[in-house]
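To get my numbering, take the position in the sequence shown, counting from 1, and add 17. Think of the CB as a built atom: it goes at the ideal place given N, C-alpha and C, for glycine as much as any other residue. In this text, all values refer to a predicted model and were calculated from it rather than measured experimentally. Here the structure comes first, spelled out in structure tokens, and everything after it is commentary.
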Amino acid sequence: MPVLNIVIAPHPVLKTMCMPVETVTDEIRTLMDNMIETMYNAGGVGLAAPQVGETMRLFVADIGEEDEDGKIKQGTPYKFVNPEILEMSDDLFVYDEGCLSIPGFYEERERPNTIKLKYLDETGAEKTEKFSGLMSFCIQHEIEHLDGILFTDHVSRLKRERVMKKLMKEKKQGVEHYHVHGEHCNH
Ligand code: NI
């Protein structure tokens with residue numbers, strides 16, 4: 018499966034409201050398989066369609082599993098089409114948020130710990146499922162991508178401008194990311 022290019026912020030496609038998928042076709046399934054490969058290659062735990070230049074409401078995620086030595090290895094790759102959060106819990110999950118489209122920047126964030134999610138799976142079947150902890154955090158981050166929201170939209174303006182300036186400078190210099198897997202989880 019080919020590894021796709023990850024769009025780095027700032028970029029208009031990352032600020033676009035994505036369109037619902039009408040039918041889960043072979044083309045969509047291939048795109049999601051390629052996105053999973055791309056996410057693993059970049060050491061991420063989630064990847065949304067606009068991050069590979071596609072303005073469709075779908076994303077992939079795998080938060081990994083601990084092996085016997087406590088190291089994180091690949092877990093179950095999830096594919097979500099037309100996701101919709103039906104319920105959110107009042108209790109919160111705190112995590113150091115990161116994003117594959119905003120390399121090198123992390124900020125602590127609180128999000129609802131448990132969500133009830135409606136989505137289409139890769140066969141096009143509608144599912145409703147509950148998710149908690151990191152998986153719930155990741156799903157909420159990815160759904161924001163589908164609405165053109167980046168997690169830096171939630172930090173102070175000063176910080177956001179500093180991060181975007183640094184990324185623009187790196188783009189001009191042709192700095193490439195993701196040759197090394199970092200210690201942080203990215204989305
Ligand atoms: Ni992200």
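Nonlocal neighbours in the same chain, by C-beta distance under 7 Å from residue i, ignoring five residues either side
i, result
"Met18", "Asp50, Asn51, Glu54"
"Val197", "Interpretation of Val197 is limited by its pLDDT of 48, a score under 50 that renders its predicted location unreliable; no figure is taken from the coordinates."
"Glu146", "Leu134"
"Gln17", "In the structure as shown, the chain starts at 18 and stops at 204, and residue 17 therefore has no counterpart that could be examined."
"Met105", "Pro129, Ile132"
The beta strand (DSSP E) enclosing residue i, as first and last residue numbers
i, result
"Phe148", "143 to 149"
The alpha helix (DSSP H) enclosing residue i, as first and last residue numbers
i, result
"Met181", "174 to 190"
"Arg74", "Segment: none, Arg74 is in no alpha helix (DSSP H) and carries neither H nor E."
"Leu8", "The structure shown does not extend to residue 8, since the chain spans only 18 to 204, so no value can be given for it."
CA nearest to the CA of residue i, picked from the options
i, options, result
"Pro29", "Val69, Pro120, Leu134", "Val69"
"Ile119", "Pro37, Glu44, Glu178, Tyr57", "Glu178"
"Tyr112", "Gln157, Lys32, Ala59, Tyr136", "Gln157"
"Thr93", "Met36, Met56, Asp164", "Met56"
"Asn22", "Ala78, Glu39, Lys32, Leu64", "Leu64"
"Asp107", "Lys182, Met185, Ser149, Gly60", "Ser149"
"Ile166", "Gly121, His194, Thr72, Arg46", "Thr72"
"Leu48", "Val24, Leu184, Ile25, Lys96", "Lys96"
"Glu39", "Ala59, Phe76, Asn99, Val77", "Asn99"
"Ala59", "His171, Arg174, Gly121", "Gly121"
"Ala142", "Ala26, Val41, Arg174", "Val41"
Residue i Cβ short of 6 Å to the ligand NI heavy atom set
i, result
"His204", "yes"
"Cys35", "no"
"Cys116", "yes"
Neighbourhood of residue i by C-beta distance below 8 Å, restricted to the same chain and skipping five residues each side
i, result
"Phe110", "Glu127, Arg128, Pro129, Asn130, Ser149, Gly150, Leu151, Ser153, Phe154"
"Lys189", "none"
Chain C within 7 Å of residue i, Cβ atoms only
i, result
"Ser173", "Annotation note: the requested chain C is absent from the structure, which comprises a single protein chain."
Neighbourhood of residue i by C-beta, 6 Å cutoff - its chain only, sequence neighbours within 5 removed
i, result
"Met114", "Residue identity check: residue 114 is Glu in the sequence provided, not Met. So the qualifying residues of the chain are Glu124, Arg126, Phe168."
Quiz item: Any chance the region 148 to 164 sits against the region 119 to 129, with 3 or more Cβ pairs inside 8 Å?
Solution: yes
Quiz item: Does the region 28 to 48 come within contact of the region 78 to 89, defined as at least 3 CB pairs closer than 8 Å?
Solution: In short, these stretches do not touch, since the Cβ pair count stays below three.
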